[in-house]
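Have a look at the structure below before the remarks.
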Amino acid sequence: MKKVGIALGGGGSRGFAHLGVLKALEEKGIKPDIISGTSTGAIIGALLAADKSPDEIMEILKEIRITDIAKLGLPTNGLANLGNLRSKLDKLLDNKSFFDLKYPLHIAVSNLFTGKVEYISEGNVSKAVQASASIPILFSPVEINGQLYVDGGMLDNVPVKPLVGNCDIIVAVDIMPIEKVAKIEGVSAIFARIFEMSVGIQQGIKESCDLIIELNELAGYNILDTNHNEKVYEIGYNYVKNMDVSGIDQLIE
Numbered sequence: 006m007k008k009v010g011i012a013l014g015g016g017g018s019r020g021f022a023h024l025g026v027l028k029a030l031e032e033k034g035i036k037p038d039i040i041s042g043t044s045t046g047a048i049i050g051a052l053l054a055a056d057k058s059p060d061e062i063m064e065i066l067k068e069i070r071i072t073d074i075a076k077l078g079l080p081t082n083g084l085a086n087l088g089n090l091r092s093k094l095d096k097l098l099d100n101k102s103f104f105d106l107k108y109p110l111h112i113a114v115s116n117l118f119t120g121k122v123e124y125i126s127e128g129n130v131s132k133a134v135q136a137s138a139s140i141p142i143l144f145s146p147v148e149i150n151g152q153l154y155v156d157g158g159m160l161d162n163v164p165v166k167p168l169v170g171n172c173d174i175i176v177a178v179d180i181m182p183i184e185k186v187a188k189i190e191g192v193s194a195i196f197a198r199i200f201e202m203s204v205g206i207q208q209g210i211k212e213s214c215d216l217i218i219e220l221n222e223l224a225g226y227n228i229l230d231t232n233h234n235e236k237v238y239e240i241g242y243n244y245v246k247n248m249d250v251s252g253i254d255q256l257i258e
């Protein structure tokens, strides 16, 4: 059997689409053997690497609200921090290190000091995920080994690079399409729009992928709005369910 790698992109609440994609791929006989993720893709990737199913992850994330994972503090380097997210993940993952996970996992983070993307694959999983999900300004940076890290999506929103050479088939899932808008109202909407415009698949990365899943139907869903989780899940699920992945099936066998 060929080894399958999957890269899960960042995109806030649009991340529920990843679970639909993973569920539909699983029904088609495609399951990842190695995982990489950024931001919300890092959260889902960590749970997936700990051998939790898409259905289990869906139930876990449906019960978590932004107020549960973000802790307000003095606005010195971020309006809030994701320390509560780290605590919840530590409990869900039983405080695992990358070494303890069932499947290899790579988490993309942006190093504020060097201005470069890094892919973490050792140490505490929850802390790496916290860093990868810490959207600049909105959430405080996370210190790891004397370096400050923020959302990996700023520099690599669909982290395919750590999969190259480590698996036979690469699947990339992009949940951050950009569409033209006629009106933007409110600070949160402006912030979400700026973030959408700053991330995407790195140039040249597509050539490394055997299957790229780009969910353009998600364009109308605000990345900070969690009121449409079921619908977002269905978009991911139905898109892959209706895809012809026979070429990938043949490669795996």
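Its first residue numbered 6, the sequence shown is counted upward by one per residue in this note's numbering.
The beta carbon of each residue, even a glycine, is placed where N, CA and C say it ideally should be.
Going by DSSP in three states, Leu-90 sits in which element: helix, strand or coil?
helix
Cα-Cα separation, Val-147 to Gln-135
7 Å
Measuring CA to CA, which of Asp-99, Gly-46 and Val-245 is closest to Asp-156?
Gly-46
Report back the beta-carbon spacing between Leu-117 and Leu-143 to the nearest angstrom; my notes put them in contact at under 8 Å.
Taking 8 Å as the upper bound for CB-CB distance, Leu-117 and Leu-143 are not in contact here, some 15 Å apart.
Which whole-angstrom value is the C-beta distance of Leu-160 and Ala-12, which I expect to be below 8 Å?
Not confirmed; about 14 Å, so no contact.
Anticipated Cβ contact below 8 Å, Lys-8 with Ile-39, distance rounded
7 Å
Report buried or exposed for Asn-243, applying the criterion of at least 16 other Cβ atoms within 10 angstroms of its Cβ.
That one is exposed.
Taking just the CA atoms, how far does Gly-151 sit from Gly-10?
30 Å
Residue range of the alpha helix (DSSP H) that Glu-123 falls in?
Run containing Glu-123: none in the alpha helix (DSSP H); it sits in the beta strand (DSSP E), 121-125.
Are Ser-18 and Thr-231 touching if we call contact CB-CB under 7 Å?
Going by beta carbons, Ser-18 and Thr-231 fall inside the 7 Å limit.
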